[in-house]
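Undergrad:
Numbering (my numbering), first residue to last: 10 to 94.
(1) Looking only at its chain, what residues have a beta carbon closer than 7 Å to the beta carbon of residue 15, apart from the 5 residues adjacent to it on each side?
(2) So residue 66 and residue 10 are in contact, right, with Cβ under 8 Å, and what is the actual spacing, rounded?
(3) If we call anything under 7 Å between Cβ atoms a contact, is residue 61 one with residue 46?
(4) Compare the beta carbon distance of residue 63 and residue 77 with 7 Å and say whether it is the shorter of the two.
(5) With DSSP collapsed to three states, give me the class of residue 26.
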């Protein structure tokens with residue numbers, strides 16, 4: 010599953026990317042729900058997409074994961090998504 014975050018959730022982004030503090034349990038202290046495939050999505054996300062892995066493709070020094078969408082959801086639109094470039 011992929012959760013699309015608001016700029017105000019930068020701490021959560023840092024935590025899951027390994028840049029922030031790492032508590033004992035991966036989702037400890039972060040509100041989340043379990044969706045169709047059993048994956049967690051962040052409760053206060055702008056949107057989320059729940060997928061099953063359809064294929065993986067080697068792309069240079071990365072692996073591209075292609076998902077078959079099983080469910081989606083929308084949160085409150087703040088017009089301020091968290092972007093990295």
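Beta carbons: idealized from backbone N, C-alpha and C, even for Gly.
A quick note: this is a predicted structure, and the numbers were derived from the prediction, not measured.
TA: If we stick to the structure as given:
(1) 55, 87, 89, 90 and 91
(2) Their Cβ separation, rounded to whole angstroms, is 20 Å, which puts residue 66 and residue 10 out of contact at 8 Å.
(3) yes
(4) yes
(5) helix
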